[in-house]
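Here is the structure we will look at.
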Amino acid sequence: MIWIIFGQDHYLIKKRIEELADQNKNKPGSEQGSEKIFIDSNDKNFDSILRGQLNNRLIGANPLIIVKNSSKLNLSQIKNLILGLKQTKVDIVFQSETKPEELIKNIKKHELDHTIEEIKIKKKRTIKDSNELVKSLLDYYQVRLPNGFQETFSKIFLNNPELLETEIKKLSFFQMGRTIAKTDLISLIRWPNESRIWDMIDSLLEKDWSKFTFFLKRELNLGSEPTLILANIKNSLVNLLLVKLAKSKNELKSLNLNEYYKFKLSRHENNFQTDEIKKLIKTFAQIDQKYKKFRLKSEEIPSELIYQLSESNFSTK
Numbered sequence: 467m468i469w470i471i472f473g474q475d476h477y478l479i480k481k482r483i484e485e486l487a488d489q490n491k492n493k494p495g496s497e498q499g500s501e502k503i504f505i506d507s508n509d510k511n512f513d514s515i516l517r518g519q520l521n522n523r524l525i526g527a528n529p530l531i532i533v534k535n536s537s538k539l540n541l542s543q544i545k546n547l548i549l550g551l552k553q554t555k556v557d558i559v560f561q562s563e564t565k566p567e568e569l570i571k572n573i574k575k576h577e578l579d580h581t582i583e584e585i586k587i588k589k590k591r592t593i594k595d596s597n598e599l600v601k602s603l604l605d606y607y608q609v610r611l612p613n614g615f616q617e618t619f620s621k622i623f624l625n626n627p628e629l630l631e632t633e634i635k636k637l638s639f640f641q642m643g644r645t646i647a648k649t650d651l652i653s654l655i656r657w658p659n660e661s662r663i664w665d666m667i668d669s670l671l672e673k674d675w676s677k678f679t680f681f682l683k684r685e686l687n688l689g690s691e692p693t694l695i696l697a698n699i700k701n702s703l704v705n706l707l708l709v710k711l712a713k714s715k716n717e718l719k720s721l722n723l724n725e726y727y728k729f730k731l732s733r734h735e736n737n738f739q740t741d742e743i744k745k746l747i748k749t750f751a752q753i754d755q756k757y758k759k760f761r762l763k764s765e766e767i768p769s770e771l772i773y774q775l776s777e778s779n780f781s782t783k
C-alpha cells in the first residue's frame, strides 16, 4: 500500500506515520511488519538505498518505508520508484510539506493502490485539545504528575506538542508508574520557549525587581504552576546563600554544585547582603504557604511579594 502524506504540522504527521507503523506491525502471519525505515530523497544514494529496501521486501522483510521530502523527487527518481513499486508489494509512505504533484500524477497513471492524506496545520490549539493530549501521553508513557500539574502542562505546552511528548517520555525513564515529586520535576523538565522562568531567576540574581516582577507575572499568566515557580526561586536563593557563605570562608571549590551554576551565583552574590538573602527565602516560603493553604490566589502573588518586602523594609529599587 502507498500513502502520500503531506502538510506542515510535523507533530501530527509524525503521529500518523506511527499509527501506520503500528498497523504494519499488527498484520497477521507472514505479512506482519517490522521496523520503520526512513529514506531522504535528498540523500545522494537515494536510488540505491531504496532499491536495496525493495529487494529486502522480496526476501521476506516487511518494514514500513518512509520517504522524506518526497515533493523533491525528480522525474528520473519517480520513474525508478514506479518500476520498483510495480515489481513488489510494499508498504511505503511518501511524506512532504507540500503536495508531491508529479509523484501523484505518475502513481495514478500506473494505477498503483494509494491513498492521499493532507495533514492540515492546527493554527490554534485549545486548552481542551492540549489537556486531552497530555492525558493520553501520560497514560501511554505511564507517567503520573503531582496534583494540578496536568493542567499546567496543558497550558505551558499548548503550542509545543512535540516537546511535550519528549519531556513526558523523559519523565517515564525517570520514574514510570509512580507520582513524580515536584522537586524532581523542577530539575527534569525543559519548558518551552514561551516560559521564561530562567530569565526570571536571572533578573532576581541581578536584583532587577521590575524585570523580575514582569517575568513572575508572565509565568503565572502562562499557567505555570505557582508552587513550581516558588520552589525554583527558593532553591536559587538557598544556593546563592550557600555560595556567599562558602566564598566568605574561601571554601567555594568544595561546594557540591554544578561548576557553571556555582560560577554564575558567585558573580551575583555581591548584589545581596547575607541577611537580605535570608529575608527573601523567608518571604517566598511564607507566600508559598499562603498559596498552598488557599489564602492567596496565583494572580495575587506578585502584589503579595511587593507588600511583604515593603513591610520588612527591603529595598526593591
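Count along the sequence shown from 1, then add 466; that gives the number in the working numbering. Quick reminder that beta carbons are idealized off the backbone N, C-alpha and C, glycines included.
For the alpha helix (DSSP H) holding residue i, just list the boundary residues, first then last.
| i | result |
| --- | --- |
| D665 | I663 to L671 |
| I646 | I646 -> no alpha helix (DSSP H), and no H or E assigned at all. |
| L530 | Not the alpha helix (DSSP H): L530 falls in the beta strand (DSSP E), residues L530 to K534. |
In angstroms with no decimal places, state the Cα-to-Cα distance between residue i and residue j.
| i | j | result |
| --- | --- | --- |
| V556 | D475 | 26 Å |
| Y757 | W675 | 21 Å |
| K502 | D605 | 24 Å |
| K565 | R517 | 24 Å |
| I593 | F678 | 27 Å |
| E765 | A487 | 45 Å |
| D650 | Q553 | 54 Å |
| M642 | L703 | 31 Å |
| N625 | D754 | 29 Å |
Going by Cα to Cα distance, which pick from the options is closest to residue i?
| i | options | result |
| --- | --- | --- |
| I573 | I634, F729 and I470 | I470 |
| S542 | T592, E563, E568 and I532 | E568 |
| N687 | T618, F760 and I558 | T618 |
| N511 | L486, E735, L539 and T649 | L539 |
| Y727 | N736, D668, F680 and T679 | D668 |
| N705 | L694, P692, I695 and N724 | N724 |
| K534 | Q519, K648 and Q561 | Q561 |
| E563 | R761, S620, I585 and R684 | I585 |
| T632 | D650, L603 and K713 | L603 |
| T693 | K719, A647 and N737 | A647 |
| S537 | N528, L530 and K571 | K571 |
| L731 | I767, K673 and S769 | K673 |
| I548 | L520, P529, L530 and N528 | L520 |
| L611 | K635, I532, K481 and P627 | K635 |
Kindly list the residues whose CB is nearer than 6 Å to the CB of residue i, restricted to its own chain and excluding five residues on each side of it in sequence; keep chain order.
| i | result |
| --- | --- |
| I699 | F750 |
| L630 | F623 |
| L478 | I585 |
Could you pull out every residue in the same chain whose Cβ sits closer than 7 Å to the Cβ of residue i, ignoring the five residues on either side in sequence?
| i | result |
| --- | --- |
| M467 | D557 and D579 |
| M666 | F678, F681, L682 and E685 |
| L637 | V609, I646 and L654 |
Quick one: residues in its chain with C-beta nearer than 8 Å to the C-beta of residue i, no 5 flanking neighbours on either side, listed in chain order?
| i | result |
| --- | --- |
| L707 | T740, I743, K744 and I747 |
Does DSSP put residue i in a helix, a strand or coil?
| i | result |
| --- | --- |
| Q739 | coil |
| R610 | strand |
| H576 | coil |
| D506 | strand |
| T564 | coil |
| V556 | coil |
| K744 | helix |
So residue i is in the beta strand (DSSP E); what residue range does that whole segment cover?
| i | result |
| --- | --- |
| K763 | Unbroken run through K763: none, as it is neither H nor E. |
| I442 | The structure shown has nothing for residue 442, since the chain only spans 467 to 783. |
| F792 | Nothing about residue 792 can be read from this structure; the chain reaches only from 467 to 783. |
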